[in-house]
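Data first, discussion second: the structure below is written as structure tokens.
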Amino acid sequence: MGLYVNRDSKGWTELRVHGVSGTPPESSLEHPRVTAVAGDTKAGFYRRAWESRSTSQDTAGFRREAYSWGGLTSGDGQRALWLLLLPFMLLNMAFFADHGHTASRPHGQVVFRTAVQRLLALSLTATYVLGAVSVSLDLVGWQCGNAALREGATRCAGNAGWLRWLQYDWLSTPGRHLTAAAVVPVALVALLWYLGNKTWQVAEAQPVEQSVTAPQVETPLEDRRMWNGRGPVRRLRALHIAGAFALTGVFLLAPLLERPHRGLDALADSGNWQWGTAFFRSLLLVLALAVLAFVVVTVGRPETARRTRPSRQDRTPLERDLYQFLPWGALALVVGAGVVASRDSRDHVPTATSGQLPWEVAWIHGLFIAQAVMLVLLLISLLWSRLLLKRRSRDPAPASPGRPSALSTNLPREAWGGLVLPGVAFLGWALAGALAAGFMLRVAEILGAPAVAQRATGEQVQLTVPDAYFWSGTAAAFLIVVAIVIGLVSWITHRGSRQDFAAQVGKVYGSVDGDSRRRHQIAKSWARAQLLEGASQKALGIFLMVAAAVTVAGAILFARDRRLVTEERWLVLLSNLVLSAGVLVLLWAGRQAYRSPGFRRTVGILWDIGTFWPRETHPLAPPCYAERTVPDLLKRVEYLTGGQDASGQEGHVILSCHSQGSVIGAALILQSRATADARIRLLTYGSPLTRLFVRFFPAYFNARSLQRIGTLLAGDPACGPERWPWRNLYRPTDPIGSWVFDKDPLPRAGDGVSPHLPAIDRQLLDPRHFARQPGDPCYPAGLGHSNYFADPTFEETVEAFRKRAIP
4 MGLYVNRDSK GWTELRVHGV SGTPPESSLE HPRVTAVAGD TKAGFYRRAW ESRSTSQDTA
64 GFRREAYSWG GLTSGDGQRA LWLLLLPFML LNMAFFADHG HTASRPHGQV VFRTAVQRLL
124 ALSLTATYVL GAVSVSLDLV GWQCGNAALR EGATRCAGNA GWLRWLQYDW LSTPGRHLTA
184 AAVVPVALVA LLWYLGNKTW QVAEAQPVEQ SVTAPQVETP LEDRRMWNGR GPVRRLRALH
244 IAGAFALTGV FLLAPLLERP HRGLDALADS GNWQWGTAFF RSLLLVLALA VLAFVVVTVG
304 RPETARRTRP SRQDRTPLER DLYQFLPWGA LALVVGAGVV ASRDSRDHVP TATSGQLPWE
364 VAWIHGLFIA QAVMLVLLLI SLLWSRLLLK RRSRDPAPAS PGRPSALSTN LPREAWGGLV
424 LPGVAFLGWA LAGALAAGFM LRVAEILGAP AVAQRATGEQ VQLTVPDAYF WSGTAAAFLI
484 VVAIVIGLVS WITHRGSRQD FAAQVGKVYG SVDGDSRRRH QIAKSWARAQ LLEGASQKAL
544 GIFLMVAAAV TVAGAILFAR DRRLVTEERW LVLLSNLVLS AGVLVLLWAG RQAYRSPGFR
604 RTVGILWDIG TFWPRETHPL APPCYAERTV PDLLKRVEYL TGGQDASGQE GHVILSCHSQ
664 GSVIGAALIL QSRATADARI RLLTYGSPLT RLFVRFFPAY FNARSLQRIG TLLAGDPACG
724 PERWPWRNLY RPTDPIGSWV FDKDPLPRAG DGVSPHLPAI DRQLLDPRHF ARQPGDPCYP
784 AGLGHSNYFA DPTFEETVEA FRKRAIP
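Per my numbering, residue 4 is the first one in the sequence shown, and the count goes up by one each step.
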């Protein structure tokens, strides 16, 4: 006998959207058996399954439904891989931290910063490719290969079997060694290409429907062009992949030039243009450089990745074909470069002074300088925009319905003095460089002994490593010490705040003097929950300031005397250990974040913040789940609220959003047509809207956009907050969720919280009881960020929405 599932669409539907932990639909619906009613296995809508219609609590008038989008996030192994692309995600996140974004046409400074950020993103792709080139082509193909040609056997990695191919007669030229070694960076780029295309088909390729022909948008988040990334992401991905393949081709061909250490001037040597292998080698090298130049120029053009409002017309077939075949053309160029390099007939054996791969050091230094300049340009542009904004704000304007009211005066200021954009971009850049340096130093340690050019000694085979990598490791080691010091200071400050919370515990729970241990336990949990809002954000800001200062100081010292670090053997060893450990820790964190629920709630929210935003600047970043979830929910809500049934009953939705789901819900409200008929009620709990998003993304989450949500829910732009059908629940033990508009005082134990009160924000007491309850040997545990359904106020609020007691 089959189970009964209510499939009505009219009446009231409580639609639950889970948050950061990827809650299964059974947990979201608090029911052991569920059935999918829409969507697919990656992101679907579920309802409760009952033994029969008579036992069902889902009726024609009310039912519960859950939207489960946990399948859009990868499993343990893939998540660890995605975490290696964290720098790409940080750049995307930095783009949306720009306070200059508006719903209207972007002004000149925003257009400039967008172009710089997309070029910076392209340079990070080049950093990863250069890291693979340094390991595979330089260490293995060039240095170990040349050693094998000189000595007849390779001593790299103790003449391990997996390097015996360097001694094969049919691979007995430097060009063939490089060609074989080029398989690694080519495979890396191919993997990024595959992952980018696969995730694009799941997320950005999903069609986004426009609500009306000419929508009137007041805030950036309600413009559906934000989620219409089908064409822009595809074009950026094609350019990044083409550039990555072309860069690999450059380093496959450049070392085989006559006098390659002259750099680009070597192409002017007539010997490199003699008919035959030399001619085709130089020709393909010029073509690879031309592809790189084309990619750089095209990525910097605003039209390349400009998002438009959804329509049936995308790009012309010619433009689609151009971007579709561009990566394939670049791949064919690399294959051609490999063929030409393999036919190199020079019979000379490189001497010991040939050192590392020609052009490598110059390109690493040039890339570093270009990235540093772009970061400085971002900082200057942002400071200039803030100065202009401050001048305009000196002229006060009268209050109007479109302006923030007194309800929003409590919203926190922007984090880090409004410099989130350059701060996060700098963090992504530094992390990308550290990963590349750590990868090369670790492999050099496996193959032999990493050394600096012209200072290689010892019994092990000495592999020359760019000295910039040793400086990166030394800076990373110093910053680890700084981070530990900042962490200790924050922890001491945090411990000091427990006394204040202990006093609050006494006021809320009444007489607690008889159990000081329990009082301090609750105070500790309350104080710990405030870390993400205060101490952690300040500590990270201070750390970024110190890191920027260390980077500038290190660059100056490196330019004056690069031997300051490399002549100290213990520093070289420390650099290797620190950067190698960093890569391993990052991989461990990726797996741990999706194995440990506690670790996931504290670290996973940071990941979900980054992957909420579309891939605006870097197309190879971890996929944006909101590109799929927002359109899915738009269609579902508009279906549930559309029309009437035979009895004249209209469809209404209580959008019940937990944690990161409340951010998805906010975006949905701003874009839904159903809000025009006031058929949606919004219930958020454990919401990071104000604690994180208002602070770090002020252009998208601010007083105006939050009030816009309230007025759209009410269906009347002139009504006040007391008429908004929105309630937000939070707890003092919740490290992620907090109030949205105004902090609500804690209720006293036993008082309860009335959902009928006009205030939007309602703070729930947690733990609900101070003392042990009858029959229970343990104290009531604090629920923190989880299980808001357990508090009676949750169900009371849902019931008040249904009975139209709210508003």
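Glycine residues also receive a C-beta, built at the ideal position from the N, C-alpha and C atoms.
{"Asked": "Candidates L360, R734, P634: closest to W529 by CA position", "Found": "R734"}
{"Asked": "Residue of Q652, L671, P691 minimising C-alpha distance to I612", "Found": "P691"}
{"Asked": "Cα-Cα separation, A552 to A558", "Found": "10 angstroms"}
{"Asked": "F804 vs I657 beta-carbon contact at 8 angstroms", "Found": "yes"}
{"Asked": "Supposed contact pair L287 and V343 - C-beta distance, whole angstroms, cut 8 angstroms", "Found": "6 angstroms"}
{"Asked": "As assigned by DSSP and simplified to three states, the class of A206", "Found": "coil"}
{"Asked": "CA nearest to the CA of G339, picked from G358, V364, R284", "Found": "R284"}
{"Asked": "Cβ-based burial, L813 [other Cβ within 10 Å; buried from 16]", "Found": "Given a span of 4 to 810 for the chain in the structure shown, any question on residue 813 remains unanswerable."}
{"Asked": "Those residues which DSSP pairs with F48 across a bridge", "Found": "A41, Y70"}
{"Asked": "Rounded straight-line distance, which links the Cα of A592 to that of A486", "Found": "18 angstroms"}
{"Asked": "Under 8 angstroms between C-beta atoms of T130 and G436", "Found": "yes"}
{"Asked": "Alpha-carbon spacing of L386 relative to V298, whole angstroms", "Found": "29 angstroms"}
{"Asked": "C-beta atoms of A245 and V289 nearer than 8 angstroms", "Found": "no"}
{"Asked": "Exposure label - F282; buried when at least 16 CB within 10 Å", "Found": "exposed"}
{"Asked": "Through-space distance from T477 to H523, alpha-carbon basis", "Found": "42 angstroms"}
{"Asked": "Pick from D11, W727, H34, L89 that is closest to G431, judged by C-alpha positions", "Found": "L89"}
{"Asked": "Minimum Cβ-Cβ distance from A505 to chain B less than 8 angstroms", "Found": "You won't find chain B in this structure, because it holds only one protein chain."}
{"Asked": "Residue environment, T44, which counts as buried when at least 16 other CB atoms sit within 10 Å", "Found": "exposed"}
{"Asked": "At least three beta-carbon pairs within less than 8 angstroms, the stretch 495-504 to the stretch 160-173", "Found": "no"}
{"Asked": "First and last residue of the uninterrupted alpha helix (DSSP H) at V253", "Found": "233-256"}
{"Asked": "Exposure of I525, with buried meaning 16 or more beta-carbon neighbours within 10 Å", "Found": "buried"}
{"Asked": "Whole-Å CB distance - L224 paired with S708, under 8 angstroms assumed", "Found": "6 angstroms"}
{"Asked": "Outcome for C781 when other beta-carbon atoms lying within 10 angstroms are tallied against a minimum of 16", "Found": "exposed"}
{"Asked": "Classification of K13 by the beta-carbon crowding that lies within 10 angstroms, buried from 16 upward", "Found": "buried"}
{"Asked": "Which of helix, strand or coil DSSP assigns to L658", "Found": "strand"}
{"Asked": "Cβ contact check for the stretch 105-115 and the stretch 135-145: 3 or more pairs under 8 angstroms", "Found": "no"}
{"Asked": "P401 classed as buried or exposed, judged by whether at least 16 other C-beta atoms fall within 10 angstroms", "Found": "Per-residue confidence for P401 stands at a pLDDT of 45, beneath the threshold of 50, marking its modelled position as unreliable; the derived number appears in the next sentence. Per the 10 Å Cβ criterion, exposed."}
{"Asked": "Option in S789, L686, P748, L749 with minimal Cα separation from E802", "Found": "L686"}
{"Asked": "Beta-carbon gap between A721 and P728 smaller than 8 angstroms", "Found": "no"}
{"Asked": "Residue of N705, T467, V640, F429 minimising C-alpha distance to Q674", "Found": "V640"}
{"Asked": "Which residues DSSP lists as bridging F65, in chain order", "Found": "W15"}
{"Asked": "Residue from H621, R237, E17 whose Cα sits closest to the Cα of L125", "Found": "H621"}
{"Asked": "Cα-Cα separation between L577 and F481, rounded to whole angstroms", "Found": "10 angstroms"}
{"Asked": "Those runs of the alpha helix (DSSP H) which lie wholly inside the stretch 265-311 and span at least 4 residues", "Found": "280-303"}
{"Asked": "Among R19, Q359, P738, the one whose alpha carbon lies nearest that of L181", "Found": "Q359"}
{"Asked": "Cut-off 7 angstroms between Cβ atoms - residues of its own chain near H351, not counting five sequence neighbours on either side", "Found": "Note on H351: pLDDT 44, under 50, position unreliable in the model; the coordinate value appears next. For H351, where only same-chain residues beyond five positions count, there are no Cβ hits under 7 angstroms."}
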